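All residue numbers for the sequence shown refer to our numbering, where the first residue is 15 and numbers rise by one.
Where a beta carbon is used, it is the ideal one built from N, C-alpha and C, also for glycine.
None of these values were measured; they are calculated from a predicted model.
Accompanying notes for the structure given below.
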Amino acid sequence: MIRKCIVIGILFTAVLQVVTLADARRARKWTQPDDILIEVETPGVLDLDLPSEHQRMKATAQADTFVLAYWTFDWGGGCVEEGWTTSDLSEQPGAFFHIDDFAGLGGGSYGYLEPLEGSQSAWCGARPDAASPILCGYATLPGYGNDWDQSFCFKCIDVPDTEKIYIDYLVSWNSESGWDYSYTEYATKGTCDSLSNLDFLRPEDWIHLASFDGTGMKQLRTDTIPAGHAGFLTVRFRFDSDGGWSDEDGLYDTDGAIVVDSITVRSETATYDFEDFEDESPGDIATTDGDWRYRAQSDYGDYAALFPGVTQVQEDPCKFDFSCLWTFINGSMETYACGGFPGQLAVPNENERGQYIWNEIWSPPVALTGTGSTVELAFDVYRDLPLKNLVFYKRRVRQWIGGFPGRWSSTASYYGSARD
Numbered sequence: 015m016i017r018k019c020i021v022i023g024i025l026f027t028a029v030l031q032v033v034t035l036a037d038a039r040r041a042r043k044w045t046q047p048d049d050i051l052i053e054v055e056t057p058g059v060l061d062l063d064l065p066s067e068h069q070r071m072k073a074t075a076q077a078d079t080f081v082l083a084y085w086t087f088d089w090g091g092g093c094v095e096e097g098w099t100t101s102d103l104s105e106q107p108g109a110f111f112h113i114d115d116f117a118g119l120g121g122g123s124y125g126y127l128e129p130l131e132g133s134q135s136a137w138c139g140a141r142p143d144a145a146s147p148i149l150c151g152y153a154t155l156p157g158y159g160n161d162w163d164q165s166f167c168f169k170c171i172d173v174p175d176t177e178k179i180y181i182d183y184l185v186s187w188n189s190e191s192g193w194d195y196s197y198t199e200y201a202t203k204g205t206c207d208s209l210s211n212l213d214f215l216r217p218e219d220w221i222h223l224a225s226f227d228g229t230g231m232k233q234l235r236t237d238t239i240p241a242g243h244a245g246f247l248t249v250r251f252r253f254d255s256d257g258g259w260s261d262e263d264g265l266y267d268t269d270g271a272i273v274v275d276s277i278t279v280r281s282e283t284a285t286y287d288f289e290d291f292e293d294e295s296p297g298d299i300a301t302t303d304g305d306w307r308y309r310a311q312s313d314y315g316d317y318a319a320l321f322p323g324v325t326q327v328q329e330d331p332c333k334f335d336f337s338c339l340w341t342f343i344n345g346s347m348e349t350y351a352c353g354g355f356p357g358q359l360a361v362p363n364e365n366e367r368g369q370y371i372w373n374e375i376w377s378p379p380v381a382l383t384g385t386g387s388t389v390e391l392a393f394d395v396y397r398d399l400p401l402k403n404l405v406f407y408k409r410r411v412r413q414w415i416g417g418f419p420g421r422w423s424s425t426a427s428y429y430g431s432a433r434d
């Protein structure tokens with residue numbers, strides 16, 4: 015539960031994030047020194063003279079302070095957000111698996127960004143876009159970003175379970191070797207209805223046919239779905255990146271992530287589909303016949319909300335905060351029954367899609383005024399987060415320059431089991 019905050023400026027946005035360590039699968043390696051830390055929280059300040067990649071919280075005190083902003087979240091006997099907003103980071107930042115003609119890209123940095131055949135191909139990647147509040151902060155576009163999970167899916171088809179299915183396609187790829195992968199996958203069920211929504215499918219329902227990382231120039235592949243499947247099946251091309259080293263942070267410049275073209279889905283006796291992406295317009299995320307389209311799994315959900323402190327269990331014998339608190343339990347089906355409080359909601363667990371909570375609360379931008387280059391971030395927090403629960407919180411800050419956001423600077427991931 016987050017209580018009162020003083021936050022940062024020069025059009026800075028400050029954030030508090032709640033995340034489970036299980037979601038570290040989204041960051042299989044750690045890209046910044048801060049990220050590798052998991053520790054009990056101590057007071058700290060931000061040094062604005064340091065670049066974000068070297069930013070750390072330091073336990074120091076300041077002789078004089080000038081309050082840039084202050085929020086209590088209490089007004090007229092109720093709870094008010096006071097300009098703060100909530101965010102679910104499990105939501106994809108956009109639909110980036112699309113049809114493209116690659117015009118104006120000059121082949122990218124390494125010559126991968128060209129149609130594989132004809133004048134257009136399907137590409138999982140993003141062009142530079144200074145007008146986009148998301149892409150304007152990417153360092154080395156064209157390419158891809160951190161924590162992408164993008165799928166381009168084929169329609170469900172009914173196939174005799176005695177038949178093998180062959181997928182012929184042209185492909186090229188460029189992504190960080192060993193960390194960011196593209197896949198050719200299929201899923202099979204007893205009906206098309208059970209395949210119609212990605213939310214109905216768990217990660218283990220998708221069977222890998224091929225995986226691609228590092229670099230690969232244009233090649234023709236044939237992957238085989240063996241006989242003995244469930245009779246109804248779908249195919250997808252999927253790209254999955256981790257939490258760092260991409261064109262977003264500029265630590266790994268690519269022509270990523272993957273380009274596919276001239277896809278044939280067939281058996282020994284029939285052709286179910288051929289797609290060359292020549293009838294579509296650049297930027298389309300679905301083919302004109304609807305056989306192929308970008309699809310995304312639903313987000314985990316946004317559980318951040320304000321609650322009066324008097325309604326929340328607090329076991330600190332020295333202090334009870336009656337004021338309004340930010341929590342990450344709104345709509346949760348989990349309770350604190352294991353701690354003896356079945357009426358108290360708790361942070362939700364992994365959902366049926368294999369996802370975990372990844373929520374933030376964002377302050378409004380704050381202008382930097384006064385003198386000095388050190389900005390202090392202070393807030394109250396009630397912690398009941400034993401390390402074994404693998405639920406953590408962290409603080410992040412970013413600048414806004416010319417109306418566009420910069421990169422987030424983050425602290426360690428904190429926990430605390432003292433119930434204080």
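S431 and P240 have their C-alpha atoms roughly 51 Å apart. Its chain contains L130, L184, S186 as the residues whose beta carbon lies nearer than 7 Å to that of K232, once the 5 sequence neighbours on both sides are disregarded; these appear in chain order. The C-beta separation of A144 from L212 comes to about 32 Å, leaving the pair out of contact by the 8 Å criterion. Considering only E95, Y84, L82, T79, the residue with the shortest C-alpha distance to L320 is E95.
Contact annotation: A140 and L127 have beta-carbon atoms that are not nearer than 8 Å. The region 100 to 186 contains, as complete beta strand (DSSP E) runs of 3+ residues, the segments 111 to 114, 135 to 138, 163 to 168 (chain order). Burial is judged here by how many other beta carbons sit within 10 angstroms of a residue's own beta carbon; W89 has fewer than 16 and is exposed. In the three-state reduction of the DSSP assignment, V380 falls in the strand class. Taking G125 as reference, the option from Q358, G270, G368 with the minimal CA-CA separation is G270. Taking the C-beta atoms as reference points, F342 is found no nearer than 8 Å to G323.
For E199 and F355, the gap between their C-alpha atoms comes out near 44 Å. For Q328, no beta strand (DSSP E) encloses it, and the DSSP letter there is neither H nor E. In this structure, S312 lies away from K178, with their beta-carbon atoms at least 8 Å apart. Shortest Cα-Cα distance from S123 to any of T283, S104, D290, N188 involves N188. In the DSSP annotation of this structure, the continuous segment of the beta strand (DSSP E) that includes V405 starts and ends at 405 to 415. Within its own chain, the residues whose Cβ lies closer than 7 Å to the Cβ of Y314, once the five positions on either side in sequence are excluded, are D102, S104, N365, Q369, Y370, I371, W372, listed in chain order. C-alpha of T278 to C-alpha of D114: approximately 19 Å in a straight line.
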